[in-house]
Amino acid sequence: MNKRVEPVYLEDKLQEIRADGHLKYRSKSLPTWCPGCGYFSMADGLTVALNRLGLDNRNVVTVSGIGCASRFPFFVNTYGFHTLHGRVLPVATGIKIGNDALTVIAVGGDGDAFAIGGGHIPHAARRNVDMTYLVFDNGIYGLTKGQTSPTSALGFKTSSTPYENGDAPLNPMMMLLSYGASWVGQAYAGKPHHLTDMITAAIAHKGFSFLRILSPCVTFDKTDNTYKNLSMMVRDLPDGHDGTDMMAAMALAMQDGHPALGVFFQAERPTLAEVMQTSIDRAQQASAT
Amino acid sequence: MNKSGTDIQFAICGSAGDGTIASGDIVKRAAAAVGFHVIAFDVYPPEIRGFGKCISRIRVSAEQAYSLKEKTDVFISLNDSHAIPHVGEVRDFGAVIYDDRSIAPIREGAHITAHIRPAQIPYGLPIRQISEQATNAARSRNIVVLGYMAGLLKLPSRPFREVIAAKFATKPQAVIDANIRAFDAGLEAGRKVFRLDDVDVGTVPDHGGSEAVMMTGNGAIVRGFLEAGIQSYFGYPITPATSIMERLAVEMPKQGGKFLQTEDEISAIAATIGAGFAGSRAATATSGPGLALMTEMLGLGVMAEVPSVVVVSQRGGPSTGLPTKTEQSDLNLAVFGGSGDAQRIVIAPTNVEGCYRCAGMAFEIAETYQTPVIVLIDLYLSNRYETVFPSHENTFAPKPRKVPELAEGEPYKRFAFTESHISPRALPGDAGMVHTVTGLEHNELGRPGDGDHMRMNAKRHEKLISATRYPGLTVAKRFGDAGKVDVGILGWGSTFGEILEAMFEAQDAGISCSAMKAVMLSPLPVDELRAFFDDCRTVLVPELNYEGQFANLVSGALGRPVVRLNRTVATPMPVADILAEVKRLAAEADSPERIPATAGVGS
C-alpha cells in the first residue's frame, strides 16, 4: 500500500468542508470526548448523513441515555433529549408516537444499550418503531472510568474485573437479528467514510434500524479494542452477501472474532405508526357502523 | 348523608364464579336507571377462579351518599360459607336471603340459619331449584335472587328486565330469555311471601332533567382523559389501574389517539415523557409498585421540565402487597419519590366526579407548569361506582398553543428565568428554537453545568406555587360547621366520603364539627389548611396507612399538631371508627386536659 498521497492544504480542506454544508448540523458546544476518541467520527458521520439526506434540523430529534456516547445530542444542532441511563429507546418511542413527522435518532453506548437498557431493545425492534439506533460499542464503561461492559471480552482486566473478566460477552448482532430488527448493520469508527454511508442508510430505512459502531476507548482500554486491534480484526462483507437472507445474516453475526462491516440484514414490514393507524381505522369504522 | 328518604344498602355475597359481582352490577344499574343515587363497591379475590370470596355492596339513596353504610338492609347469600362471617352486618329487621334446600348434608352450625340473629329476618327459598326449573341450569341462581328481592320489596321489575337484557345483549337471544325467566321465577316466589315493609324504597328524586351516568373512578378518569383530547397513552397492566388502560385501548383510536402497551412501567413513563416532549397530550396509569419503578423518570420530567400525566391507583403494600384491597400508603412515594429535590404536582380526588375533573384538567396543569402531574387515587375509588349527574360543559379541550417569540438574533433559552419561573416552551418542529433538554443540571440554554443549580432548583419549586390557585380546580374545601369548631376532620382521597358521613353523624350528636378535604397534596394549599387549623380546637386525620403519611406531611408543613387515626384493614375506613374518635376528642375538648400531639398511632 505504498500509494503516493497527494498533499492536502489545510485552507483548501476547510474551504471544502464549509462548502459542503454539514457544519450547520454541528452545535456550538464542543464535544467533551477524549482526544482520539472514536466517537468523533460518529459525530461527523451523523452531521454529514443529515446533510446528505437534506433533513431540516428542526424536524430531527437525537435522543440518548447516559454515558460518553450519550453526550452526543449536545454536539449536534438538532432537537435533543438527554435522558436516563438505559432509557433511550422508550423515550425515543414516545417522541416518535408523539409526533410522527420527526426523524428520531437514538444514540448510546454498549453499557447503556445492552446492560441497563437491554430489556427495551427487543420491544423497540419487534414493534418496528421507525427510528435509528446508533450504538457506539467500545466494550467498556468510559464515563465511570473504566469498568467491564456486557461486550467486554473474556479475560479483559478492568477496575471492576481486576482478576480478569469471566462473564461471556453478548453478541449484539445476533441479538438484534433475533429480536426482529428490520435493519441491522455494523460499522467501525476507524473507517469514517463507510461509517457515514452506513448512518445515512440506517436513517433512510423505514422502520427500526440498528447500527453497531465498533470503537476504541483510547483512555481506559490500552489492550483490547484499540485502533490497531480493531483495524486488524474487521472485515468487509463477504462478496454476494444477501441482505434479505436471515440465515446468512446470522452466520455472519456468529463470526464475532472478525466483525464484518456492512448491512447484515434488512427487511420491509409495517412500522409501529402504520400498525397504530390500522387500529385507528378499524376503531373508527366500527364506531361508524 | 344527612337527609331522610330512600337509603337502602344491598349486599350480595358468593364465591368467585357464582356471578356475585354481575348480580350486584344489575342492581346498581337498575337503581341508577330509575334515577336513584348509587354508590357501590365490590370486594373480590386476586385469583380469577378458585373459591375466593366476592361481595358486592350497593347503597341506593334519594340524596347523595358519600360512603357505604356500616349496616346492610338486604343481604343475599349465594355461598353460605363465605356469607356467614358477614351476616352480622345486616341491621335489625333487615333481610337475609339464602338457599334453604341444601344439596348435600351439612354439619351443625354450617348453615347460615344458625347465624342469623333473632332480630334479623330470614328469607329462605330454594334458589338452586327455582333456577333449575326456570332455566334447566343452576347458573342463574344470581338472577333468581334478584327477582326474589324485587318481589319482596315490591320493586318495579321493568328496570331489572331492561338491565338484564342490556347486560347480555351480545349473547344469543336464548341466554337473555333464560335470564329473564330466572328473574320472573324469583319474582313470583318473592311476591308470595310477606313484604319486607321495613325497607322503604320511597320516591325517586328529581334531578331537573339531567340524566344519571353511573361510573367507577377509573371510568371517570377515562372520560376525563378522552374529553381532554388525550393523544398518546402508554401503560402496563397492574391492578387496580388496568381497567383505565383497557377502556382507553377501545376508546382512544376512535378519536385518533395512539395507544401502546409497553414492556414495563419504566417504559410507560419514559414514553409518556417522550411524547410530552414532542408536544403530545400523553398519560400513563399504574399502582404503587409501578410508581416505584417510575420515580427515576419522574425526576427526569421535573428536571427537563416536560409535561406528563400519571394516574396512580394505590393498593395495599409494601411490595406486591394486597393487590385487590384498598390502602392510602403511596402518598410519600407520589409526593417525594425519586432522587433529589423533585417537586411535582399531586392531586387526589375524593370521589368519582372528582376523578373525572382531575383527569380532565391534569393535562392543562402539566402543560402550564411543564412538569409531571400525578392523579393519586386508590382501589376503593378506582372500582367504586357512583352516579354522576353531569351538568357542566367540556372545558378540558386543549387551548391553542403559544409558540415562543424571539427577537432577531436572540438565542432561544429553553429554561429562561422569568417572573413566573415558567419558561416559554418550544416544541420539536419549531424553527429557530432548536434545543436539547437533559436530566443533568443545566443553564438557561439547557447546556449542562452546575453554576445555576441554586437558581434552577428555586425555579422548579417556585413555578409550582401558583398551582394552588389554579382556576377551576378545587385544591381544598371545607364542609360542615363554619367558624370555630371543637373537632376538625382533615382527609384526602377516597376516605373523605367516610369522613363526611362521620361528620354528619357527629353533628347530629350535637358535636361542633367540620371537615376539610385536601385535593392538592403537592404543593400543599397551606393557606386553606392553616385557616382550617386556626378554626379547629383539634384536627383529626383519618388515613388508610400505618403511620399517617398525610398527617406527617401536613403537620410538618404547618408545624401544627394533629391527632392521627390510622387503619390498615384492607377495607375502606369504618365510619364508626372515625365517629368514635370524633366523640372522644369532643369530650376531651370539654375537659381541661390537653390531648397529646401525636395520640393514636395505630390505635
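Protein chains in written order, with this note's numbering: chain U, 63 to 351; chain V, -15 to 587.
Positions of the beta carbon are idealized from the N, C-alpha and C atoms, including for glycine.
Next item on the list: Answer with yes or no whether the minimum CB distance from U:G160 to chain V is below 8 Å.
Entry: Along the first sequence, read from residue 1 onward, the residue named residue 160 of chain U stands at position 98. So yes, U:G160 belongs to the interface.
Notebook entry, point to check: Helix, strand or coil: how does DSSP classify V:D57 here?
Noted result: Residue 57 of chain V sits at position 73 when you count from the first residue of the second sequence. Looking at V:D57 - three-state DSSP - the assignment turns out to be strand.
Checklist line | Alpha-carbon spacing of U:A105 relative to V:P509, whole angstroms | finding: One-based indexing of the first sequence puts residue 105 of chain U at position 43. One-based indexing of the second sequence puts residue 509 of chain V at position 525. Between U:A105 and V:P509, the C-alpha separation is close to 48 Å.
Item checked: Reduced DSSP secondary structure (H/G/I, E/B, other) of U:Q209 -> As a working mapping, residue 209 of chain U is identified with position 147 in the first sequence. Looking at U:Q209 - three-state DSSP - the assignment turns out to be strand.
Note to self: Is U:H81 close to chain V? Criterion is C-beta to C-beta, closer than 8 Å.
What the structure shows: Within the first sequence, the letter at position 19 stands for residue 81 of chain U. The amino acid at residue 81 of chain U is misidentified as His; the sequence shows Ala. For U:A81, the answer is no, since every Cβ of chain V falls outside 8 Å of its Cβ.
Item checked: Buried versus exposed call for U:E73 [16 or more other C-beta atoms within 10 Å across all chains shown] -> Taking the first residue of the first sequence as position 1, residue 73 of chain U is located at position 11. Its Cβ having fewer than 16 others within 10 Å, U:E73 is exposed.
Check: What's the gap between the Cα of V:H445 and the Cα of V:G324?
Finding: Within the second sequence, residue 445 of chain V is the residue found at index 461, counting from 1. Within the second sequence, residue 324 of chain V is the residue found at index 340, counting from 1. Rounded to the nearest angstrom, the two C-alpha atoms are 12 Å apart.
Next item on the list: Entirely within the stretch 274 to 314 of chain V and at least 3 residues each: give me those beta strand (DSSP E) ranges in chain order.
Entry: 292 to 298
Next item on the list: At 8 Å on the CB atoms, spell out the chain U contacts of V:V421, in chain order.
Entry: Position 437 of the second sequence, counted from the start, is the residue given in the question as residue 421 of chain V. Those within 8 Å of V:V421 in chain U are G142, F143 and H144.
Margin query: Rounding to the nearest angstrom, what Cα-Cα distance links U:V67 and U:K75 in this structure?
Written below: Against the first sequence, residue 67 of chain U aligns to sequence position 5. Against the first sequence, residue 75 of chain U aligns to sequence position 13. Distance between the alpha carbons of U:V67 and U:K75 is about 15 Å.
Margin query: List, in chain order, every chain U residue whose beta-carbon is nearer than 7 Å to that of V:I257.
Written below: For this step, residue 257 of chain V is matched to residue 273 along the second sequence. V153 and G156, listed in chain order.
Note to self: Helix, strand or coil, according to DSSP, for V:K268 in the structure here?
What the structure shows: Your numbering for residue 268 of chain V matches position 284 in the second sequence. Correcting the residue type first, residue 268 of chain V is Thr in the shown sequence and not Lys. Looking at V:T268 - three-state DSSP - the assignment turns out to be strand.
Note to self: Relative to the C-alpha of V:I349, which candidate in V:T308, V:V293 and V:I10 has its C-alpha closest?
What the structure shows: Counted from its first residue, the second sequence places residue 349 of chain V at position 365. Closest by alpha carbon: V:V293.
Notebook entry, point to check: To the nearest angstrom, how far is it from the Cα of V:T582 to the Cα of V:S45?
Noted result: Position 598 of the second sequence, counting from 1, holds the residue named residue 582 of chain V. Position 61 of the second sequence, counting from 1, holds the residue named residue 45 of chain V. In this prediction, V:T582 scores a pLDDT of 49, lower than 50, which makes its location untrustworthy; no coordinate-derived value is stated.
Margin query: Taking the straight line between their C-alpha atoms, what separation do you get for U:L239 and V:V336?
Written below: Within the first sequence, residue 239 of chain U is the residue found at index 177, counting from 1. Within the second sequence, residue 336 of chain V is the residue found at index 352, counting from 1. In a straight line, the C-alpha of U:L239 is about 48 Å away from that of V:V336.
Check: Looking only at C-alpha atoms, which of U:S277, U:Y241 and U:Q77 sits nearest to U:G252?
Finding: Position 190 of the first sequence holds residue 252 of chain U. Nearest of U:S277, U:Y241 and U:Q77 to U:G252, Cα basis: U:S277.
Notebook entry, point to check: So is V:L351 in contact with chain U if we call contact Cβ pairs under 8 Å?
Noted result: Position 367 of the second sequence, counted from the first residue, corresponds to residue 351 of chain V. Sequence inspection shows Glu at residue 351 of chain V; the Leu mentioned does not correspond to that position. Not closer than 8 Å to any Cβ of chain U, the Cβ of V:E351 fails to qualify, so no.
Notebook entry, point to check: Which chain U residues sit within Cβ distance under 7 Å of V:T246?
Noted result: Numbered from 1 along the second sequence, position 262 holds the residue referred to as residue 246 of chain V. Simply P152.
Item checked: Other residues of its chain near V:A541: CB distance less than 7 Å, five sequence neighbours each side excluded -> For this step, residue 541 of chain V is matched to residue 557 along the second sequence. If we look at V:A541 and ignore the five residues flanking it on each side, its Cβ neighbours are L508 and V510.
Check: Nearest to V:K309 by alpha carbon, out of V:R551, V:V559 and V:M287?
Finding: Residue numbering aside, residue 309 of chain V sits at position 325 when the second sequence is read from its first letter. The option with the nearest alpha carbon to V:K309 is V:R551.
Next item on the list: Determine the closest residue to V:M281 out of V:K242, V:G321 and V:P237, with distance taken between C-alpha atoms.
Entry: Position 297 of the second sequence, counted from the first residue, corresponds to residue 281 of chain V. With distances taken between Cα atoms, V:M281 lies closest to V:G321.
Note to self: In whole angstroms, give me the CA-to-CA distance for V:G413 and V:H426.
What the structure shows: To locate residue 413 of chain V, count along the second sequence from 1; it is residue 429. To locate residue 426 of chain V, count along the second sequence from 1; it is residue 442. Between V:G413 and V:H426, the C-alpha separation is close to 22 Å.
Note to self: Please tell me whether V:I39 has its Cβ less than 8 Å away from any Cβ of chain C.
What the structure shows: As a matter of chain content, chain C is missing from the structure shown, whose protein chains are U and V.
Margin query: Judging by CA-CA distance, which residue of V:L180, V:G272, V:E403 and V:A442 is the nearest neighbour of V:M287?
Written below: What you label residue 287 of chain V is simply residue 303 of the second sequence in a count that begins at 1. That would be V:A442, whose Cα lies nearest to the Cα of V:M287.
Item checked: Residue of U:V110, U:C96 and U:F102 minimising C-alpha distance to U:K86 -> As a first step, residue 86 of chain U must be located in the first sequence, where it is residue number 24. Of the listed residues, the one whose Cα sits closest to U:K86 is U:V110.
Note to self: Give me the DSSP bridge partner(s) of V:Q104.
What the structure shows: Reading the second sequence from its first residue, position 120 is the one you call residue 104 of chain V. DSSP lists no partner for V:Q104.
Checklist line | Candidates U:A131, U:V166, U:M309 and U:D318, of which the one nearest U:V296 by Cα | finding: Stepping through the first sequence from its first residue, residue 296 of chain U is reached at position 234. Among U:A131, U:V166, U:M309 and U:D318, the Cα nearest to that of U:V296 belongs to U:D318.
Margin query: Can you pull the chain V neighbours of U:S182, defined as C-beta to C-beta under 7 Å?
Written below: Numbered from its first residue, the first sequence carries residue 182 of chain U at position 120. One point to set straight first is that residue 182 of chain U is His, not Ser, in the sequence displayed. E247 and S251, listed in chain order.
Margin query: Run through chain U and tell me which residues come within less than 8 Å of V:R431, C-beta to C-beta.
Written below: What you label residue 431 of chain V is simply residue 447 of the second sequence in a count that begins at 1. Those within 8 Å of V:R431 in chain U are S91 and F136.
Notebook entry, point to check: Which residue comes first and which comes last in the beta strand (DSSP E) that contains V:M504?
Noted result: Numbered from 1 along the second sequence, position 520 holds the residue referred to as residue 504 of chain V. Residues M504 to S506.
Item checked: Stretch-stretch touch, CB-based, cutoff 8 Å, three pairs: the stretch -2 to 15 of chain V with the stretch 326 to 333 of chain U -> Fewer than three beta-carbon pairs drawn from the stretch -2 to 15 of chain V and the stretch 326 to 333 of chain U are found closer than 8 Å, and the two stretches are therefore not classed as touching.
Checklist line | Straight-line gap, V:H66 to V:D561 (C-alpha atoms, nearest Å) | finding: Position 82 of the second sequence, counting from 1, holds the residue named residue 66 of chain V. Position 577 of the second sequence, counting from 1, holds the residue named residue 561 of chain V. Their Cα atoms are separated by approximately 25 Å.
Margin query: What ranges does the alpha helix (DSSP H) occupy inside the stretch 340 to 403 of chain V, keeping only unbroken runs of at least 4 residues that lie completely in it?
Written below: The alpha helix (DSSP H) runs lying completely inside the stretch 340 to 403 of chain V and spanning 4 residues or more are 363 to 367, given in chain order.
Next item on the list: Give the straight-line distance between the Cα atoms of U:I178 and U:S211, rounded to the nearest whole angstrom.
Entry: Residue 178 of chain U sits at position 116 when you count from the first residue of the first sequence. Residue 211 of chain U sits at position 149 when you count from the first residue of the first sequence. Those two C-alpha atoms are separated by around 10 Å.
Check: Are the Cβ atoms of V:E54 and V:P432 separated by less than 8 Å?
Finding: As a first step, residue 54 of chain V is located in the second sequence; it is residue number 70 there, counting from the start. As a first step, residue 432 of chain V is located in the second sequence; it is residue number 448 there, counting from the start. No, Cβ-Cβ distance for V:E54 and V:P432 is not below 8 Å.
Next item on the list: Report the neighbours of V:F218 on chain U: residues whose CB is nearer than 7 Å to its CB, in chain order.
Entry: Here residue 218 of chain V is taken as the residue at index 234 of the second sequence, counted from 1. Here the neighbours are G156.
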